[in-house]
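Asker:
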Amino acid sequence: MNIKATLMASAVILSPVAALAADLTIGFSQIGSESGWRAAETTVTKQEAEKRGITLKFADAQQKQENQIKAIRSFIAQGVDAILIAPVVATGWDEVLEEAQDAEIPVVLLDRTVDAPDDLYLTAVTSDLVHEGKVAGEWLVSEMGDSDCRIVELQGTTGSSPAIDRKTGFEQGIDGHANLEIVRSQTGDFTRSQGKVVMESFLKAEGGDSICALYAHNDDMAVGAIQAIKEAGLKPGEDIKIVAIDAVPDAHLAIAQGEMNATIELTPNMAGPALDALEAYLADGTLPPKWIQTESKLFTASDDNQSIYEMKKDLGY
Amino acid sequence: MASTTTSTFRRILPQLVILGCALMLNVLVFPDFFRIEFQNGRLFGNLIDVLNRGAPVALLSIGMTLVIATRGIDLSVGAVMAIAGATAASLVVEGHGWVTALLGALAVGAICGAWNGLLVAILRIQPIVATLVLMVAGRGIAQLITEGTILTFLNPGLIRLGAGTIMGVPTPIILWIVLGAFAAFAVRRTALGLLIESIGVNQASSRLAGINARVLLISVYLVSGLCAALAGVIVAADIKGADANNAGLWLELDAILAVVIGGNSLLGGRFSIVASLLGALIIQSVNSVILLSGMPPEFNLVIKALLILAILVIQSPKVGHAVYMLRAAGPKAFDTRPAPAARPQKEQS
Numbered sequence: 007m008n009i010k011a012t013l014m015a016s017a018v019i020l021s022p023v024a025a026l027a028a029d030l031t032i033g034f035s036q037i038g039s040e041s042g043w044r045a046a047e048t049t050v051t052k053q054e055a056e057k058r059g060i061t062l063k064f065a066d067a068q069q070k071q072e073n074q075i076k077a078i079r080s081f082i083a084q085g086v087d088a089i090l091i092a093p094v095v096a097t098g099w100d101e102v103l104e105e106a107q108d109a110e111i112p113v114v115l116l117d118r119t120v121d122a123p124d125d126l127y128l129t130a131v132t133s134d135l136v137h138e139g140k141v142a143g144e145w146l147v148s149e150m151g152d153s154d155c156r157i158v159e160l161q162g163t164t165g166s167s168p169a170i171d172r173k174t175g176f177e178q179g180i181d182g183h184a185n186l187e188i189v190r191s192q193t194g195d196f197t198r199s200q201g202k203v204v205m206e207s208f209l210k211a212e213g214g215d216s217i218c219a220l221y222a223h224n225d226d227m228a229v230g231a232i233q234a235i236k237e238a239g240l241k242p243g244e245d246i247k248i249v250a251i252d253a254v255p256d257a258h259l260a261i262a263q264g265e266m267n268a269t270i271e272l273t274p275n276m277a278g279p280a281l282d283a284l285e286a287y288l289a290d291g292t293l294p295p296k297w298i299q300t301e302s303k304l305f306t307a308s309d310d311n312q313s314i315y316e317m318k319k320d321l322g323y
Numbered sequence: 012m013a014s015t016t017t018s019t020f021r022r023i024l025p026q027l028v029i030l031g032c033a034l035m036l037n038v039l040v041f042p043d044f045f046r047i048e049f050q051n052g053r054l055f056g057n058l059i060d061v062l063n064r065g066a067p068v069a070l071l072s073i074g075m076t077l078v079i080a081t082r083g084i085d086l087s088v089g090a091v092m093a094i095a096g097a098t099a100a101s102l103v104v105e106g107h108g109w110v111t112a113l114l115g116a117l118a119v120g121a122i123c124g125a126w127n128g129l130l131v132a133i134l135r136i137q138p139i140v141a142t143l144v145l146m147v148a149g150r151g152i153a154q155l156i157t158e159g160t161i162l163t164f165l166n167p168g169l170i171r172l173g174a175g176t177i178m179g180v181p182t183p184i185i186l187w188i189v190l191g192a193f194a195a196f197a198v199r200r201t202a203l204g205l206l207i208e209s210i211g212v213n214q215a216s217s218r219l220a221g222i223n224a225r226v227l228l229i230s231v232y233l234v235s236g237l238c239a240a241l242a243g244v245i246v247a248a249d250i251k252g253a254d255a256n257n258a259g260l261w262l263e264l265d266a267i268l269a270v271v272i273g274g275n276s277l278l279g280g281r282f283s284i285v286a287s288l289l290g291a292l293i294i295q296s297v298n299s300v301i302l303l304s305g306m307p308p309e310f311n312l313v314i315k316a317l318l319i320l321a322i323l324v325i326q327s328p329k330v331g332h333a334v335y336m337l338r339a340a341g342p343k344a345f346d347t348r349p350a351p352a353a354r355p356q357k358e359q360s
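Line order of the protein sequences matches chains X and W.
In terms of our numbering, the first sequence opens at residue 7 and continues consecutively.
In terms of our numbering, the second sequence opens at residue 12 and continues consecutively.
1) What residues in the stretch 134-167 of chain W bring their beta carbon closer than 9 Å to a beta carbon of chain X?
2) Residues in the same chain with beta-carbon distance under 6 Å from X:G322, minus the five sequence neighbours each way, listed in chain order, please.
3) Nearest by alpha-carbon distance to W:A242: which of W:L24, W:T19, W:I94, W:L203 is it?
4) Mind pulling the chain X residues with CB within less than 8 Å of W:P308?
5) Could you check the C-alpha separation between X:K76 and W:A194 for me, to the nearest Å?
6) For the stretch 50-66 of chain X, list every residue whose C-beta sits within 8 Å of some C-beta in chain W, in sequence order.
7) Does the stretch 72-90 of chain W come within contact of the stretch 251-268 of chain W, defined as at least 3 CB pairs closer than 8 Å?
8) W:Q50 versus chain X: which residues are under 8 Å apart at the beta carbon?
9) Which residues does DSSP list as the beta-bridge partners of X:Q36?
10) Once you ignore the five residues that flank W:T17 on each side, which residues in its own chain have a CB closer than 8 Å to its CB?
11) How big is the Cα-Cα spacing for X:H183 and W:A80?
12) If you draw a straight line from the C-alpha of W:R150 to the C-alpha of W:S72, how long is it?
13) Counting only beta-carbon separations shorter than 7 Å, does X:E149 have a partner in chain W?
14) Spell out a yes or no on whether the stretch 34-41 of chain W and the stretch 231-250 of chain W are touching, meaning 3 or more CB-CB pairs, one atom from each, closer than 8 Å.
15) Let me check one thing: in DSSP terms, what residues is X:W297 bridge-paired to?
16) Keeping to the same chain, check which residues put their C-beta closer than 6 Å to that of X:N73; ignore five residues upstream and five downstream.
17) Going along the stretch 288-307 of chain W in order, which residues come within less than 8 Å of chain X, judged by CB to CB distance?
18) Report back the beta-carbon spacing between X:R198 and X:V229 to the nearest angstrom; my notes put them in contact at under 8 Å.
19) Under 7 Å Cβ-Cβ, which residues of chain W neighbour X:A45?
20) Please classify X:S205 as buried or exposed, where buried requires at least 16 other C-beta atoms within 10 Å of its C-beta.
21) Across which residues does DSSP place W:A80 in a beta bridge pair?
22) Could you give the uninterrupted runs of the beta strand (DSSP E) lying entirely in the stretch 192-258 of chain X, keeping only those of 3 residues or more?
23) Please list the partners that W:F64 has in chain X, where partner means a Cβ-to-Cβ separation under 7 Å.
24) Between X:E206 and chain W, is any beta-carbon pair separated by less than 7 Å?
25) Any C-beta of chain X sitting closer than 7 Å to the C-beta of W:N127?
26) Compare the C-alpha of W:V103 against each of W:V68, W:N311, W:I170, W:G120 and name the closest.
27) Can you tell which of W:N275, W:C238, W:A112 has its C-alpha closest to the C-alpha of W:V68?
28) Less than 7 Å between the C-beta atoms of W:G204 and W:V212, yes or no?
29) Taking a cut of 8 Å between CB atoms, which residues from the stretch 104-138 of chain X lie near chain A?
30) Strictly by DSSP, which residues pair up with X:E187?
31) Do the CB positions of X:D252 and X:N275 come within less than 7 Å of each other?
32) Rank W:G290, W:G128, W:A153, W:K329 by C-alpha distance to the C-alpha of W:A255 and give the top, closest one.
33) Taking the beta carbon of X:D108 as the centre, do at least 16 other beta carbons fall within 10 Å, making it buried, or is it exposed?
34) Cβ of X:V158 within 7 Å of Cβ of X:L240?
35) Please confirm if X:R198 has its CB atom under 7 Å from at least one CB of chain W.
36) Measure from the C-beta of X:K140 to each C-beta in chain W and report whether the shortest distance is under 7 Å.
Next comes the structure, spelled out in structure tokens:
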């Protein structure tokens, strides 16, 4: 009898908590694992779900929309409480999103948006690529003050939206400061090796002494460029200031070693804000805004980059 | 000996002229192009960059020339580069020395090449299809080895292969020149080159003439795999990391282009490794023009395409024939006009 009473009592005490979290089952349709960042996003999403006691059903679409649609349909059939999608392309989602809506399952988009009426999904959690570039530009403005600075830019893959937006944002950031000038801008295809090759040509074409700063659209190109600067006998981080975007572990390591100055984080934690919004919505119907912008955090030498590196390197980058 | 030297020179003359033009284009966009300094313990200059950055395609073009001479093609070299780089990186990360890593990568390259060779020579699958298999699968294999990340390493011996120098000269330059010279010597100072050409011209009759076509075919794909592996190690060592997604991406096409610019026929037969190497340098000179010109990156591919098109048009048989006819109709022809009248007289006497 005693035991039964205790069990019943504990069940009563635990039940509100359990109803909020432990009962939730959420399906997550991930694009694939095409980049280190994507792998880190998957890891972090699993960690965030575990932290909240949510059961996460994970489906890897291997870069195919048809796989994502199949996964979403199976989530609907299983009657999950909510669905997270990192959409591989922007179009062709209307039908499957309507199916989710008919089943009254809220859908949250991660990292990318889709071309569908916005009443078909609860919210989209993405970063603002233009804002990232702007933060980088503003950092350089505050770093240089009134002194003249000739900037070289390593662009991402020509025509890709991160390359276009991060370029626009940076130009907005340095707008109105005539002492800052972009003297060379060329694509490094987002890769280390091209970053190094293009930086070599910048150093020769402009002369290493007359370049004051490098802005790279991602950290990988900056890491390649650092090697080119070293081989030219200059000190990266001192002779040439370096700012890039993404905040991958190797960038934190470079900042810790004084070879890079700043990086802006494209956080792999899109799931945190998404799950917060979902929990609030499922608990009492609070509608989140249609777009949740993730923080574009600036990391400089004043942060403890060595320990951030240790923490991030196991996320799968 | 003297006559072979002159004939080789005449064979590569068009490539030398085009390379000269491409280098002059560089001077046009950047007047200090030819300035070479000794800086930070290494040769430093744009010309050195062209030789250094051209190394991967130059290495690939050695193997590709031999494969194309047998009327084949090897599309897998870019993927083999990624596999070899990943192998070398994972070996040094596990604590092995750089020699083990290099040998391991070369062994993997040899296995990949032998696999292509088996498909082509034994199973008689068309080379473009046979090597496409590894082109697609290879990058996946490389990603499996690196577990999808950029596998970075700090082994100084391995890094020296890509980013280091020997007596001030960047190591990749020495590697491709030595290997290219060795390969050119091996095929031209022995009958090997002739045998490879004969397979390309007519495989069946070569076999009937007693040439072991199968072994030779497997060998050329194996050499191509070895060259790709060395190129892959250089590319990985250069950035101190194996990037399975991007290492050697589309380089198979640059290698084929180098062979074509080198004046070698895709239908097999006569070939020149030296001309292909010049082709690789021409491609890199064109890349250099684009980088030094400071044009917006949107123009990169258009400029490259136009320059390559111009090179191929100049080399095309029709244009070559037109040039020949023009020369024949030139002033010299007028001078020699009386000759036909004189000749029959001689014949009569």
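Quick reminder that beta carbons are idealized off the backbone N, C-alpha and C, glycines included.
Values in this document were obtained by computation on a predicted structure and should not be read as measured data.
Answerer: On the basis of the supplied data:
1) Q154, E158, G159, T160, I161, T163
2) A45, A46, T49
3) W:I94
4) Q161, T164, S191, Q192, T193
5) 53 Å
6) none
7) yes
8) A238, G239
9) X:D66
10) none
11) 59 Å
12) 20 Å
13) no
14) no
15) X:A130
16) A67
17) S299, L302, L303, G305, P307
18) 6 Å
19) G159
20) It is Met, not Ser, that sits at residue 205 of chain X in the sequence shown. Its Cβ being crowded by 16 or more others within 10 Å, X:M205 is buried.
21) Paired residue(s): none; W:A80 is not in a bridge.
22) 219-222, 247-252
23) Note that residue 64 of chain W is Arg in the sequence shown here, rather than Phe. Neighbours of W:R64 on chain X, chain order: V203.
24) yes
25) no
26) W:I170
27) W:C238
28) no
29) As a matter of chain content, chain A is missing from the structure shown, whose protein chains are X and W.
30) X:R156
31) no
32) W:A153
33) exposed
34) no
35) yes
36) no
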